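Q: Dumping the structure here so I can ask a few things about it.
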Amino acid sequence: MLNLREFIRGVKKWTPCPLTKFPDDIVERSLQVGIRPDESDRSGTYFQMDDVPVFHGIKRAFEGKVEMGSMRQALQRHDWLKDYFWKLIDKSADEFTELADKDWDDGYFVRILEGQKLTFPLQACLFVATDRFNQNVHNVIIAEPGSDAQIITGCTIHPSVSRGLHVGVTEIYVKRGAKLTFTMIHNWAPKFDSRPRTAILVEEGATFISNYICLSPVRSLQMDPAAHCVGEGARARFNSILYVKDESYVDVGAKIVLDGKGSRGEIVSRVIATDSAQAYLRGLIVGRSEDGKGHIECRGLLLSNKASIHAIPRLDAEVRGVELTHEAAIGKIAKEQVEYLMARGLSEEEAEALLVRGFMDVSIFGLPATLNEEIRRIVESASRAH
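Here it is as structure tokens:
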């Protein structure tokens, strides 16, 4: 149980400025979570420091195709937006949603316009710059009918921050025939706590893909995003890669409800646990459509006798004809594999590192080539560092 009194509010008010003016330490931390301050190969950017949006904008080539900016300002600008705010998630769901409602620190609003296909990802950074700060953001994403976009959200902290709490409420609407790939990369600290709260509505013929990556220590992380496939042919997939170390406590789940005719859902998780870390991997697929199909796959790799991994898949079939499956495997690095690589000139340490990187291969996620390569670089860099 977290003591919310440990955290502070009312911190320094940051001044909006161009990304090119950011100091090197903030630039470096941003790059580690997929955020490019030079905005190369990006269609738009939102950057929030503590409780202040310090930058947001759309590249000229994408103006009129997408809207991205402060959630608070968007609510003032669009009266209709209130119909999307706190509609998929109940304010009173738990103490963290209540906190996000009571002490709201803005967040980002993204709307991809109907039929628009963005060739480069949008990027959003939620940055904690003050030690012991409690950051509560609320984001809304709307992918209008027939649109196609990728969003990279990087959540991280300043090198001087060791303690803090990040609460992130995100409501996502993927409308008829739209496709949205949502990649969230976290980089916290051994005494930091994180509580993402995410819900997604997937309409007819729409596709939602979530990629979650956390490769740094964290005191506690608890999240259980839920996708509701309400339309015919709706699809949702959750991919997770976790490297859990030190004394981290990580409880990561995902839920997919298959309501639409012919809807599909998949939850794929990869976790490595070392030191004294604890990892809980939960997956729930609820089948309510006679021809719905769902699958859960969880694989864990233990690198320490003090670490633990708990895989908890659950399948609820509520109608005849739905097809739900799961597979889970937890083990250690095979001695024969290490010896095989050592026989070919690698040291034991090099062999184990190579096998770890192979275990975290993101190609299994079937991502677009450019995004796949970008995530691969981040995973490889982090795995070498650890």
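Every letter in the sequence shown is one number past the one before it in the working numbering, and letter 109, counting from 1, is 99. We put the CB at the ideal spot given by N, CA and C, even for glycine. A quick note: this is a predicted structure, and the numbers were derived from the prediction, not measured.
Taking buried to mean at least 16 other C-beta atoms within 10 Å of its own C-beta, is residue 143 buried or exposed?
A: Label assigned to residue 143: buried.
Q: In terms of residues, what are the limits of the beta strand (DSSP E) holding residue 320?
A: Residue 320 -> beta strand (DSSP E) spans 313 to 321.
Q: Could you check what DSSP says for residue 376 in three-state terms: helix, strand or coil?
A: Residue placement at residue 376 is poorly supported in this model, since its pLDDT is 48, which falls under 50; the coordinates still yield a value, given next. Here residue 376 sits in coil by DSSP.
Q: Is DSSP giving residue 362 helix, strand or coil here?
A: If DSSP states are grouped into helix, strand and coil, residue 362 belongs with the helices.
Q: Verify whether the separation of the beta carbon atoms of residue 95 and residue 41 is less than 8 Å.
A: Yes. Within cutoff.
Q: Roughly how far, in whole angstroms, is the beta-carbon of residue -3 from the beta-carbon of residue 248, given that I think they are within contact range, below 8 Å?
A: With a Cβ gap of about 38 Å, residue -3 and residue 248 do not count as contacting.
Q: Quick check: what's the CA-CA separation for residue 376 versus residue 221?
A: Because residue 376 sits at a pLDDT of 48, beneath the cut-off of 50, its placement in the model cannot be relied upon, and the following sentence gives the value as read from the coordinates. Each residue's Cα considered, the two are about 42 Å apart.
Q: DSSP puts residue 233 in a beta bridge; with which residues?
A: In the DSSP output, where bridge partners are listed per residue, residue 233 has 262.
Q: Could you pull the start and end residues of the beta strand (DSSP E) that residue 182 belongs to?
A: Here the beta strand (DSSP E) through residue 182 covers 181 to 192.
Q: So residue 284 and residue 246 are supposed to be a Cβ contact under 8 Å. How far apart are they, rounded?
A: At roughly 6 Å, the Cβ-Cβ gap stays under 8 Å, so residue 284 and residue 246 are in contact.
Q: Expressed to the nearest angstrom, what Euclidean distance is found between the alpha-carbon atoms of residue 71 and residue 131?
A: Taking the straight line joining both Cα atoms gives about 11 Å.
Q: Could you give the distance in angstroms between the alpha-carbon of residue 368 and the alpha-carbon of residue 264?
A: C-alpha separation (whole angstroms): 19 Å.
Q: Tell whether a beta-carbon distance below 8 Å holds between residue 243 and residue 273.
A: It is a contact, given that the beta carbons lie within the stated cut-off.
Q: Figure out for me which residue from 37, 200, 225 has the closest Cα to the Cα of residue 113.
A: It is 37.
Q: Excluding the 5 residues flanking residue 33 on each side, which residues of the same chain have their C-beta closer than 6 Å to its C-beta?
A: So the qualifying residues of the chain are 49, 52, 108, 110, 112.
Q: Where do the ends of the alpha helix (DSSP H) carrying residue 330 lie?
A: Counting along the chain, the alpha helix (DSSP H) containing residue 330 begins and ends at 325 to 332.
Q: Could you give the C-beta distance for residue 219 and residue 253, rounded to a whole number, given that I count them as a contact under 8 Å?
A: Contact holds; Cβ gap of about 4 Å.
Q: Look at the alpha carbon of residue 39 and the alpha carbon of residue 123, and state the distance between them as a whole number of angstroms.
A: The straight-line gap from Cα to Cα measures roughly 11 Å.
Q: Tell me whether residue 92 sits in a helix, a strand or coil according to DSSP, three-state version.
A: Reduced to three states, the DSSP call for residue 92 is helix.
Q: Determine the direct distance from the alpha carbon of residue 145 to that of residue 12, and round the result to whole angstroms.
A: Straight-line Cα distance between these residues: approximately 16 Å.
Q: In three-state DSSP terms, what is residue 408?
A: An answer regarding residue 408 cannot be provided, because it is not within the stretch -9 to 376 covered by the chain.
Q: In its own chain, which residues sit with a C-beta less than 6 Å from the C-beta of residue 148, not counting the 5 before and 5 after it?
A: The residues are 119.
Q: Relative to the C-alpha of residue 255, which candidate in 206, 191, 269 has its C-alpha closest?
A: Here the closest residue by C-alpha is 191.
Q: State the Cα-Cα distance for the pair residue 198 and residue 162, rounded to the nearest angstrom.
A: If you take the alpha carbons of residue 198 and residue 162, they lie about 9 Å apart.
Q: Would you report the Cα separation of residue 5 and residue 314, rounded to the nearest angstrom?
A: Cα to Cα, residue 5 sits roughly 51 Å from residue 314.
Q: If you reduce the DSSP assignment to three classes, tell me which class residue 106 lands in.
A: Coil at residue 106, not helix or strand.
Q: Do you know how far the Cα of residue 271 is from the Cα of residue 286?
A: Each residue's Cα considered, the two are about 11 Å apart.
Q: Distance, Cα to Cα, residue 60 vs residue 9?
A: Residue 60 and residue 9: Cα-Cα distance of roughly 16 Å.
Q: On the CB-based measure, 16 or more other CB atoms within 10 Å of its CB, does residue 360 come out buried or exposed?
A: Label assigned to residue 360: exposed.
Q: Taking the continuous alpha helix (DSSP H) assigned at residue 335, which residues delimit it?
A: No alpha helix (DSSP H) contains residue 335, which DSSP labels as neither H nor E.
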